[in-house]
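Below is one structure; the comments refer to it alone.
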Amino acid sequence: MRIGILPSSPLFCGMTQAETEDLLGTLASSTKVYKNGESVFHIGEHITTAGLVLLGGINIVKNDVWGNRKIIEHIGTGQLFGETYACIPTEPLMVNAEASGDTKILFLTINRVFSQEITHHAFATKLIQNLVFVLARRNLTLTRKMDYITPRTIRERLLTYFSYQYHKQGSRTFKIAFNRQQLADYLSVDRSALSNELSKMQRDGLISIDKHTFRLLTLPADI
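Numbering (numbering that gives the first Met the number 0), first residue to last: 0 to 222.
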């Protein structure tokens with residue numbers, strides 16, 4: 000396959016084109032296209048492959064037995080998902096992975112990283128280093144998610160989330176990957192209550208909104 004965006008992906012960082020192509024063969028790579036909302040991985044299943052987003056995005060979703068839905072994380076282009084469970088195939092998935100928009104996924108049999116057939120390859124050390132980086136980044140992402148949902152009020156949760164987007168994107172104006180329902184699911188709040196709070200924040204002169212684009216008009220002391 001054409002390597003396309005792979006050199007910019009953390010998993011392939013520092014690898015030559017020849018190493019990348021060799022790795023794709025060793026990890027038995029394959030691609031598949033999904034429509035918006037279609038499930039990629041299902042809760043309860045055991046996986047040996049991780050997915051790398053070539054196009055579109057993935058939402059990591061958790062539904063409890065009462066039907067409550069929470070978005071744990073959004074996986075964008077070039078990012079990996081499912082790698083933790085793929086490294087421990089005896090552990091059943093506790094989340095669903097769903098396509099966010101039309102999405103193309105590169106699947107990699109990631110648990111082969113620990114097999115003897117990998118060790119003689121030139122890319123072995125780079126691959127293991129990159130995988131450790133990916134796992135560490137995932138830990139930071141989940142820790143950050145706790146920061147978002149710890150505040151008691153919806154406004155505080157929104158300000159915490161907007162603060163991170165401001166610093167990450169380096170601008171008062173930024174786009175987010177979620178629609179209103181998805182943002183509510185991500186912040187673990189009711190959609191109507193979220194919409195009401197966003198309207199209040201606009202009236203209070205804190206933000207302006209244009210679909211998925213937000214602009215911070217006032218920077219509170221904690222941003």
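In this text, a Cβ means the ideal position worked out from N, Cα and C, and glycines have one as well.
Endpoints, the beta strand (DSSP E) within which D209 is located: In the sequence shown, residue 209 corresponds to position 210, counting from 1. Element bounds for D209: 206-209.
Rounded straight-line distance, which links the Cα of E90 to that of L157: Against the sequence shown, residue 157 aligns to sequence position 158. Against the sequence shown, residue 90 aligns to sequence position 91. So the two alpha carbons sit approximately 33 Å from each other.
Boundaries of the beta strand (DSSP E) in which A27 is found, first to last residue: Residue mapping note: residue 27 aligns to position 28 of the sequence shown, counting from 1. Per DSSP, A27 belongs to no beta strand (DSSP E) and is neither H nor E.
Contacts around T76, its chain only, beta-carbon distance under 6 Å, and the 5 residues preceding and following it disregarded: Counted from its first residue, the sequence shown places residue 76 at position 77. Taken in chain order, the residues that qualify are V52.
Bounding residues of the alpha helix (DSSP H) (the contiguous stretch that carries K34): Here residue 34 corresponds to residue number 35 of the sequence shown, with the count starting at 1. First-last for K34: undefined, no H or E at that position.
Proximal residues to L5 (C-beta, below 6 Å), its chain only, five neighbours per side dropped: To locate residue 5, count along the sequence shown from 1; it is residue 6. Once the five neighbours on either side are set aside, the close Cβ partners of L5 are F11, T19.
6 Å CB neighbourhood of L154 in its chain, flanking five on each side removed: In the sequence shown, residue 154 corresponds to position 155, counting from 1. For clarity, residue 154 is Arg in the given sequence; the question names Leu instead. Closer than 6 Å at Cβ, skipping near neighbours: E196.
Residue range of the beta strand (DSSP E) that includes N62: By 1-based counting over the sequence shown, the position of residue 62 is 63. Element bounds for N62: 57-62.
Three-way DSSP call (helix, strand, coil) for R136 in this model: As a first step, residue 136 must be located in the sequence shown, where it is residue number 137. Of the three classes helix, strand and coil, the one that applies to R136 here is helix, per DSSP.
Cα-Cα separation between D189 and A98, rounded to whole angstroms: Taking the sequence shown and counting its residues from 1, one reaches residue 189 at position 190. Taking the sequence shown and counting its residues from 1, one reaches residue 98 at position 99. Taking the straight line from one Cα to the other gives about 22 Å.
Host alpha helix (DSSP H) of I46 (start-end): Residue 46 sits at position 47 when you count from the first residue of the sequence shown. Counting along the chain, I46 falls outside any alpha helix (DSSP H), and DSSP gives it neither H nor E.
Assigned exposure category for N62 - 16 Cβ within 10 Å defines buried: Taking the sequence shown and counting its residues from 1, one reaches residue 62 at position 63. Classification of N62: exposed, given that the 10 Å Cβ count is below 16.
Other residues of its chain near G56: CB distance less than 8 Å, five sequence neighbours each side excluded: Here residue 56 is taken as the residue at index 57 of the sequence shown, counted from 1. Excluding residues within five positions, the ones whose Cβ falls inside 8 Å are H73, I74, G75, T76, A98, S99, G100, T102, A176.
Pairwise C-alpha distance: L182 and S191: By 1-based counting over the sequence shown, the position of residue 191 is 192. By 1-based counting over the sequence shown, the position of residue 182 is 183. Those two C-alpha atoms are separated by around 11 Å.
Check whether V96 and I70 have beta carbons under 8 Å apart: Counting from 1 along the sequence shown, the entry for residue 96 is found at position 97. Counting from 1 along the sequence shown, the entry for residue 70 is found at position 71. Per the sequence shown, residue 96 should be read as Ala rather than Val. No, these two residues do not count as a Cβ contact at 8 Å.
Helix, strand or coil at R111 [DSSP, three-state]: For the purposes of this step, residue 111 is taken as the residue at position 112 of the sequence shown. Three-state DSSP puts R111 in a helix.
Check whether D184 and R68 have beta carbons under 8 Å apart: For the purposes of this step, residue 184 is taken as the residue at position 185 of the sequence shown. For the purposes of this step, residue 68 is taken as the residue at position 69 of the sequence shown. Yes; because the gap between Cβ atoms is below 8 Å, this pair is in contact.
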